[in-house]
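Visitor: Take a look at this one; I'll ask things after.
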Amino acid sequence: MSSSFLFPGLSRRTLLKAAGASATLAAAGLPTRLFAADPIKVAAVYTVPVEQQWVSRIHKAAMAAKERGDIEYVYSENTSNSDYERVMREYAEAGNKLILGEVFGVEDAARTVAADYPDVAFLMGSSFKPDDAVPNFSVFDNYIQDASYLSGIVAGAMSKSKTIGMVGGYPIPEVNRLMNAFMAGVKETAPDAKFQVAFIGSWFDPPKAKETAFAQIDGGADLLYAERFGVSDAAKEKGVLAIGNVIDTQADYPETVVASALWHFEPTLDKAIAEVKAGTFKAADYGVYSFMKEGGCSLAPLGTFEDKVPAEVKAMVAEKEKAIKDGSFTVEINDGEPKSS
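Numbering (mature numbering (1 follows the signal peptide of the UniProt record, and there is no 0)), first residue to last: -36 to -1, 1 to 305.
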């Protein structure tokens, strides 16, 4: 195929000059870039529906990048662990330059795929660290402990029984650290609070989460930490309060969800897109881009509870948020399994 067909209006001489300039930059150790107007092809492989909290934030960021014209975006949802490797390979073969996903159950297989496609960038949710042996495989995680801590401050003040129920998916680091940060926040306003902690063994089983929450309410909890879908439904039915995680569901539960710790995946994805476009993508830990100081998380507006949360508690939240952002206060990252107390 001729160059004039690929780039109408550009002469062969102009194209050769451009190619020569790129070669000079590469020889000098400087990154070559795609044309600014060229979106990169991005694919994502999800094991759950895109409506699920965690994945929905990745999907939202990808859709925003697509709407800006930075990327082309395709995705697969509800992909089983046994099928994950095949789908990854198909996307790599299809010419995608960046592949997103969550590989908590298929870590070894995913890294094997990445090794087989060294010209493709992989950015995957993972409990493990990057490995220089697979230089095109980067990891991320939802390090939103800052926002979780702030939501705990609110929760401790809003609970009357000082007994709080917590329903999680699995006791893995990415869940544990948020629960522990939330519990630390609760202790700021309710030092004597008690916790009922349970895990349902699933990332998406709203009926099971709901039943588990009912049991905690029966056990005296008047506020629930809704790490999974289904918990806020139980809270609404029983007339108790809930704290959201990763997404803001207050619009669906206006009299139930007091506050939510929000995850913003945009800083993580935008960094990866920039690296891919610059030709500088490498194995790295993108977890830091979920920190509050990087814009990766926030406490959702109190909305319908704005006038119900005590003024002194809102002042404490504002003070702690400022300290987190300026680095004078650091929320502990505790990946240990939280226990009932």
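Idealized CB from N, CA, C, for every residue including glycine.
Give the single residue among Asp96, Ile4, Ser112 whose Cα lies nearest to the Cα of Lys284.
Guide: On the sequence shown, position 320 is the one that residue 284 refers to. Of the candidates Asp96, Ile4, Ser112, the one whose C-alpha sits nearest the C-alpha of Lys284 is Ser112.
Visitor: State the Cα-Cα distance for the pair Thr244 and Ala177, rounded to the nearest angstrom.
Guide: The sequence position of residue 244 within the sequence shown is 280, counting from 1. The sequence position of residue 177 within the sequence shown is 213, counting from 1. In a straight line, the C-alpha of Thr244 is about 46 Å away from that of Ala177.
Visitor: Quick one: grab the DSSP three-state call for Thr294.
Guide: To locate residue 294, count along the sequence shown from 1; it is residue 330. The answer is coil: DSSP assigns Thr294 none of H, G, I, E or B.
Visitor: Is there contact between the region 100 to 119 and the region 142 to 160, where contact requires at least three CB pairs shorter than 8 Å?
Guide: yes
Visitor: Output the distance between the C-alpha atoms of Thr294 and Gly208, rounded to the nearest integer angstrom.
Guide: On the sequence shown, residue 294 is found 330 positions in, with the first residue counted as 1. On the sequence shown, residue 208 is found 244 positions in, with the first residue counted as 1. About 22 Å.
Visitor: Quick check: the Cα distance between Ala242 and Phe68, rounded to an integer number of angstroms?
Guide: The residue labelled residue 242 in the question sits at position 278 within the sequence shown. The residue labelled residue 68 in the question sits at position 104 within the sequence shown. Each residue's alpha carbon lies about 28 Å from the other.
Visitor: 7 Å is my cut-off, CB to CB: does Asp2 come that close to chain C?
Guide: Given the protein chain composition of this structure (a single chain), no chain C is represented.
Visitor: Helix or strand or just coil, what does DSSP make of Ala(-16)?
Guide: Residue mapping note: residue -16 aligns to position 21 of the sequence shown, counting from 1. Bear in mind that a pLDDT of 40 at Ala(-16), under 50, signals an unreliable position, so the number given afterwards is only what the model happens to contain. Helix.
Visitor: Grab me the residues of Val240's own chain with a C-beta within less than 6 Å of its C-beta, minus the 5 sequence neighbours each way, in chain order.
Guide: Within the sequence shown, the letter at position 276 stands for residue 240. Closer than 6 Å at the Cβ level, and outside the excluded window around Val240, lie Ile4, Lys61, Leu62, Ala85.
Visitor: Please classify Phe163: does DSSP put it in a helix, a strand, or coil?
Guide: Counting from 1 along the sequence shown, the entry for residue 163 is found at position 199. Strand at Phe163.
Visitor: Report the three-state DSSP secondary structure of Thr213 (helix, strand or coil).
Guide: Walking along the sequence shown from the start, residue 213 turns up at place 249. Coil at Thr213, not helix or strand.
Visitor: I need the straight-line Cα distance from Ile22 to Asp186, nearest angstrom please.
Guide: Residue numbering aside, residue 22 sits at position 58 when the sequence shown is read from its first letter. Residue numbering aside, residue 186 sits at position 222 when the sequence shown is read from its first letter. Taking the straight line from one Cα to the other gives about 32 Å.
Visitor: Please list, in chain order, all residues of the same chain as Met280 whose beta carbon is under 8 Å from its beta carbon, the five residues on each side excluded.
Guide: The residue given as residue 280 occupies position 316 in the sequence shown. Within the same chain, Met280 has close Cβ partners Ile117, Glu152, Thr153.
Visitor: Nearest to Tyr39 by CA position, among Asp182, Ser46, Gly33, Gly65, is which residue?
Guide: Numbered from 1 along the sequence shown, position 75 holds the residue referred to as residue 39. Proximity to Tyr39 across Asp182, Ser46, Gly33, Gly65 peaks at Gly65, based on C-alpha coordinates.
Visitor: In the region 102 to 173, which residue ranges form an unbroken beta strand (DSSP E) of at least 3 residues, counting only runs that do not cross its ends?
Guide: 127 to 132, 158 to 163
Visitor: From which residue to which residue does the alpha helix (DSSP H) around Met88 run?
Guide: Here residue 88 refers to the residue found at position 124 when the sequence shown is read from its first residue. Element bounds for Met88: not the alpha helix (DSSP H) but the beta strand (DSSP E), 85 to 89.
Visitor: Report buried or exposed for Gly300, applying the criterion of at least 16 other Cβ atoms within 10 angstroms of its Cβ.
Guide: Taking the first residue of the sequence shown as 1, we reach residue 300 at position 336. Its Cβ having fewer than 16 others within 10 Å, Gly300 is exposed.
Visitor: Under DSSP, the beta strand (DSSP E) around Lys5 begins and ends at which residues?
Guide: Here residue 5 refers to the residue found at position 41 of the sequence shown. From DSSP, the beta strand (DSSP E) with Lys5 extends over 4 to 9.
Visitor: Taking only three categories from DSSP, how would you classify residue 307?
Guide: Residue 307 lies beyond the residue range present for the chain, which begins at -36 and ends at 305; the question has no answer from this structure.
Visitor: Taking the continuous alpha helix (DSSP H) assigned at Glu57, which residues delimit it?
Guide: One-based indexing of the sequence shown puts residue 57 at position 93. It spans 45 to 57 - the alpha helix (DSSP H) in which Glu57 sits, taken as one unbroken run.
Visitor: If you reduce the DSSP assignment to three classes, tell me which class Val273 lands in.
Guide: Residue numbering aside, residue 273 sits at position 309 when the sequence shown is read from its first letter. Coil, per DSSP.
Visitor: Within 10 angstroms of its Cβ, does Gly59 collect 16 or more other Cβ (buried), or is it exposed?
Guide: The residue given as residue 59 occupies position 95 in the sequence shown. Classification for Gly59: exposed.
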